[in-house]
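A.B. asks: Keeping their order, the protein sequence lines are chains F and V.
In terms of the working numbering, the first sequence opens at residue 1 and continues consecutively.
In terms of the working numbering, the second sequence opens at residue 1001 and continues consecutively.
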Amino acid sequence: MSIATTTLLLMAAIAGLGLIGFRWGRGKALAAMASGISMHSRPQQYGWYPVIWMGLPALGFALGMALLSVTGVIAPANEVVLMVSLAAGAVGLSLGLRAIRPELRARNALDRTIRWLLLSAALISIFTTIAIVLSILFEAMRFFREVSVWEFVTGTVWSPGDTFLEAAGRGDEVSEGSSFFGSVPLFAGTFMVTGIAMATALPIGLLSAIFMSEYATPRQRGIAKPVLEILAGIPTVVYGFFAAITVTPIIVDIAEFFGLDASYSNILSPGIVMGIMIIPFISSLSDDVINSIPQSLREGAYALGTTHSETIKKVILPAALPGVISAFLLGVSRALGETMIVVMAAGVRPNLTWNPLEDMTTVTVSIVYSLTGDLAFDSPQTLSAFALGLVLFTVTLMLNLLSTYLVRRFKQKYD
Amino acid sequence: MQRRLTGSANDPLIRARYRREARFRGYSIAALFVAFGIIIAFFTDIIGQGQSAFWRTEVKVTLDYNERAERIGQFAVAEDLRDIVSRGAVRGIPLEISNNPELAGITREAWVPVKSTIDQYVKGKDELEPALARQVDALLAEGVMRTTFNWAFFTSGDSKLPELAGIFSAAVGSILVLAVTLVFAFPIGVMSAIYLEEFAPDNKLTQAIEVNINNLAAVPSIIFGLLGLAVFINTLGVPRSSALVGGLTLGLMTLPIIIISTRAALRSVPDPIRLGAFAMGCSRWQVVRDHVLPLSLPGILTGTIIGLAQAMGETAPLIIVGMIAYIPEAPSSIFDSATVLPAQIFTWAGEPRQAFSEKTAAGIMVLLAILLTLNATAVLLRRKFERRW
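1. What is the C-beta distance between V:V1340 and V:I1233, in whole angstroms, given that I count them as a contact (C-beta under 8 angstroms)?
2. Fully enclosed by the stretch 245–277 of chain F, which beta strand (DSSP E) runs are 3 residues long or longer?
3. Taking 8 angstroms as the threshold (C-beta atoms), are V:M1253 and V:E1314 in contact?
4. Counting C-beta neighbours from all protein chains within 10 Å, is the total for V:S1332 16 or more, i.e. buried, or is it exposed?
5. Just tell me which of F:L82, F:Q381 and F:I52 has its CA closest to the CA of F:S179.
6. For F:W158, does the count of other Cβ atoms within 10 angstroms reach 16, so buried, or fall short, so exposed?
7. Roughly how many angstroms separate the alpha carbons of F:F143 and F:V391, rounded to a whole number?
8. Are any of the Cβ atoms in chain V nearer than 8 angstroms to that of F:S38?
9. Whole angstroms is fine: what's the gap from V:A1470's alpha carbon to V:W1285's?
10. Got a sec? Which residues, its chain only, sit under 8 angstroms from V:F1054 by beta carbon, not counting five neighbours each side?
11. Taking Cβ positions, are F:W53 and F:G92 nearer each other than 8 angstroms?
12. I need the boundaries of the alpha helix (DSSP H) containing F:T6, first residue and last residue.
13. Counting C-beta neighbours from all protein chains within 10 Å, is the total for V:P1294 16 or more, i.e. buried, or is it exposed?
14. Whole angstroms are fine: how far does the CA of V:V1180 sit from the CA of V:G1246?
15. If the cut-off is 8 angstroms on Cβ atoms, which residues from the stretch 353–381 of chain F count as contacting chain V, listed in chain order?
16. Quick check on the burial criterion: 16 or more other C-beta atoms within 10 angstroms. Buried or exposed for F:L67?
17. Measuring alpha carbon to alpha carbon, tell me which residue in F:Y369, F:L202, F:A140 and F:M83 is nearest F:F386.
18. Taking 8 angstroms as the threshold (beta carbon to beta carbon), is V:I1320 in contact with chain F?
19. Relative to chain V, which residues along the stretch 218–235 of chain F have a C-beta separation below 8 angstroms, given in chain order?
20. Rounded to whole angstroms, how far is the Cβ of F:D111 from the Cβ of V:S1283, which I believe are closer than 8 angstroms?
21. Distance cutoff 8 angstroms, beta carbons only. Does V:M1191 sit that close to anything in chain F?
22. Could one say the Cβ of V:A1378 lies closer than 8 angstroms to chain F's Cβ atoms, at least one of them?
23. Examine chain F for any beta-carbon lying closer than 8 angstroms to the beta-carbon of V:D1126, and answer yes or no.
24. Can you name the residues of chain V whose CB is closer than 8 angstroms to the CB of F:Y215?
25. Consider the Cβ of V:R1020: report whether some Cβ of chain F lies at a distance smaller than 8 angstroms.
26. Quick one, which residues of the stretch 105–139 of chain F are near chain V if we go by CB-CB under 8 angstroms, in chain order?
27. For V:S1337, which of V:E1070, V:L1176 and V:R1023 has the nearest alpha-carbon?
28. Using the three-state DSSP reduction, which class does F:D359 fall into: helix, strand or coil?
29. By how many angstroms is the C-alpha of F:S183 removed from the C-alpha of V:T1302?
30. Does any residue of chain F have a CB that is nearer than 8 angstroms to the CB of V:S1242?
31. Find out if the Cβ-Cβ distance for the pair F:V247, F:I272 is shorter than 8 angstroms.
32. Leaving out the 5 sequence neighbours to the left and right, which residues in its chain are closer than 7 angstroms to F:V368 when beta-carbon positions are compared?
33. May I have the straight-line CA-CA distance separating V:E1065 from V:F1075, to the nearest angstrom?
34. Using a Cβ-Cβ cutoff of less than 8 angstroms, which residues in the same chain neighbour V:I1097 once the five nearest sequence positions on both sides are dropped?
35. I'd like to know whether the C-beta atoms of F:R105 and F:S41 end up nearer to each other than 8 angstroms.
36. Roughly how far, in whole angstroms, is the beta-carbon of F:L293 from the beta-carbon of F:G205, given that I think they are within contact range, below 8 angstroms?
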């Protein structure tokens, strides 16, 4: 029996048993009430009581077995799991039904169960984080067993490509130790593209936010804000296409006009387009922050005779600074992890340079390319993706924590 | 030394300050207009590149189901047209004949799609060698070559031949992936939000969950791809490239969005409603189920739609879990290999042939139309049910 059929059968059987249990329990309560006995809870709560007693053990057993067999501890046959969990459910059902008495606090039991169910749903987010950290850490450790951390952190040559030949059984064509996993050029590319993106997004985003929150009429703001947010709704694959097909040729032409030589996979074009993508994050967050600055600060400044722009520059922006910095950090974190734009418009050649017209590659590009080949999963090249992912995860996590901290400090100051 | 800021508007210092004021205001307006300009340039560019893919060129030919065509479909077409008619369009003829033997020997007239190079020439996007160009011009003048609406773009799957490639299988894949995402993320997300907003005591565990959710919302999407690969594919054995693994991966990614927006919706229900229900003797769960949830439902749905729209446009984590396979036929279950619209766009964008770039832009137009519709629905829903208490 396949897993899908087993699951379907189990679900159907549990639903059937549940329906029986609900009708029976509720019937019992209704009958008791009809004969004049006063019950603690409402009839349908007595209906749910046996359902819980049935469903939890049945589902719990099935889930537990599924987990055990997946992790390879034991592997019981699907039929066995199905029969045993249904048996557990049936026993639970009869116990639950037998427990229905006037003094049974079915309502309280129901509330408690639901509370636990809701809590377990909320815990999934913690499990997800733990799973992310563990799975990435585990694979990264396998990588670091073959490549030294020192080389990874300080090496300036990234050429995992030769491992491909080794994997294809042509290792003898490659001289000993010819794959290099020095990640410095990748991080250089990532920071370069992030820098260009932020240099594009920050002025446009911040000035737009200043216009929307300080100068615009409510009507203008009502139009401008949603229009800017269109930019946030455009998928990154679309930005990637836009960068590669439209922006790159323009940049190459402009560079040629100035007598410069630009590569067709230059890092400037994805950087600018990434900046466009980040504009709405900066503008929306800054707009919120500027709006939350108490009116009394502005009025105090006006009373001293400052003009509007002087008030903005000397009073509002300094007051909003923590919030703006936090928006900036969130933008940086987006740019560091952004994948599609760089995959489609930046190069794949690791290149350590200061010239944005040359091609460079980034961490996310390397992750994608090391996982889309036909390599064995345990080759150093595929595993390197997890080492890069680990660094990316850690850095963005730090940035996010820092930005939440800044916002919280800022809120406390004005609340 | 500081000058006194008094006097009339003719004071040069005051005039300078007013000029500075106007200039700053000008900068802020300019920034907004730059952003608007980019949006307009972006949409004109994509529409300009993509709209031609919604049309295709067809040629009227006499299909001759002769003996040679029973083996190779191309022989059904007159020799002088073989360089014009799309190979893929006549590829099915041998199969057609072997399925219906009575077809052998007949001839019939049909409009069939032309090769993409010819199509591009007719659309004025590419050059042809002079002899071929003259032939095509003649066919156009005779009226046996026409340009019609390209329905096949919506009804067929991917193809290696650009003139036949369509978005159907990717669209089906997207729907399957989103269905898995919704089934997985919606109940868990709403339940977590209810717990955190209505039940949770303010303790370390609750705070840990909250910090976690906020962080998950800001984790780069590609990291979820790594998670999906390591946990779902390598550990749990979910088939690679399937809608199931894609949906689960995107589900984890969408979860924090749904939780955060659901919490906001629950928080907007004023406390007197809860207190009133408690006063009538409701238990906490009854208060939530009968009063808070129905009142916050529009907000929850809005957040879910926004989360799904985001999941629909996501590509990077799906590439990591293998959803860039070549899928000509629509997947029939969540265990089949599937691809999604953004991944299809990515695949086409990587094609060197020129005809694929109009397909890419057209795919983008379809994707953007869907996403804008979803987002507009969310905005309308919010506006319709917006309530001031």
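For each residue, glycine too, the CB sits at the ideal point set by N, CA and C.
C.D. replies: Per the coordinate set shown:
1. No, V:V1340 and V:I1233 are not in contact; Cβ-Cβ is about 17 angstroms, not under 8 angstroms.
2. Taking only runs of at least 3 residues, no beta strand (DSSP E) segment lies wholly in the stretch 245–277 of chain F.
3. The answer is yes: Cβ separation under 8 angstroms.
4. With fewer than 16 Cβ atoms within 10 Å of its Cβ, V:S1332 is classed as exposed.
5. Checking every option, the nearest Cα to that of F:S179 belongs to F:Q381.
6. Taking all protein chains shown into account, F:W158 has 16 or more neighbouring C-beta atoms within 10 Å of its C-beta and is therefore buried.
7. The C-alpha of F:V391 is placed about 13 angstroms away from the C-alpha of F:F143.
8. No, F:S38 lies away from the interface with chain V (no Cβ there is under 8 angstroms from its Cβ).
9. In the structure as shown, chain V begins at 1001 and stops at 1389. Residue 1470 of chain V is therefore absent and cannot be evaluated.
10. Only F1149, N1150, F1153 and A1362 meet the Cβ criterion.
11. Yes, they are a contact pair.
12. Note, F:T6: alpha helix (DSSP H), I3 to A34.
13. Looking at its Cβ environment, which holds fewer than 16 other Cβ atoms inside 10 Å, V:P1294 is exposed.
14. If you draw a straight line from the Cα of V:G1246 to the Cα of V:V1180, it comes to about 8 angstroms.
15. Residues T364, I367, V368, L371, T372 and F377.
16. Per the 10 Å Cβ criterion, exposed.
17. Put simply, of F:Y369, F:L202, F:A140 and F:M83 the residue whose alpha carbon is nearest the alpha carbon of F:F386 is F:A140.
18. Between V:I1320 and chain F, the shortest Cβ-Cβ separation is below 8 angstroms.
19. For chain V, the residues of the stretch 218–235 of chain F that bring a beta carbon within less than 8 angstroms of one of its beta carbons are A224, P226, V227, L228, I230, L231, G233, I234 and P235, in chain order.
20. For a cut-off of 8 angstroms, the C-beta gap from F:D111 to V:S1283 is around 5 angstroms, short enough to register as a contact.
21. At least one beta carbon of chain F lies nearer than 8 angstroms to the beta carbon of V:M1191.
22. Closer than 8 angstroms: no.
23. No, because no Cβ of chain F sits closer than 8 angstroms to the Cβ of V:D1126.
24. Neighbourhood of F:Y215 in chain V, by CB distance below 8 angstroms: R1025, S1028 and I1029, in chain order.
25. Yes, its Cβ sits closer than 8 angstroms to a Cβ of chain F.
26. Those would be R107, N108, L110, D111, I114, R115, L117, L118, L119, A121, A122, L123, I124, S125, I126, T128, T129, A131, I132, S135, I136, F138 and E139, in chain order.
27. Minimum Cα distance to V:S1337 is reached at V:L1176.
28. In the displayed model, F:D359 falls within a strand according to three-state DSSP.
29. V:T1302 and F:S183 have their alpha carbons spaced roughly 42 angstroms apart.
30. Chain F has no Cβ within less than 8 angstroms of the Cβ of V:S1242.
31. Less than 8 angstroms divides the Cβ of F:V247 from the Cβ of F:I272.
32. The answer, listed in chain order, is T339 and V343.
33. Correcting the residue identity first, residue 1065 of chain V is Tyr in this sequence and not Glu. For the pair V:Y1065 and V:F1075, the Cα-to-Cα distance works out to about 8 angstroms.
34. Y1065, A1069, E1070, L1103 and A1104, listed in sequence order.
35. The answer is yes: Cβ separation under 8 angstroms.
36. Note that residue 293 of chain F is Ile in the sequence shown, not Leu. Their Cβ separation, rounded to whole angstroms, is 17 angstroms, which puts F:I293 and F:G205 out of contact at 8 angstroms.
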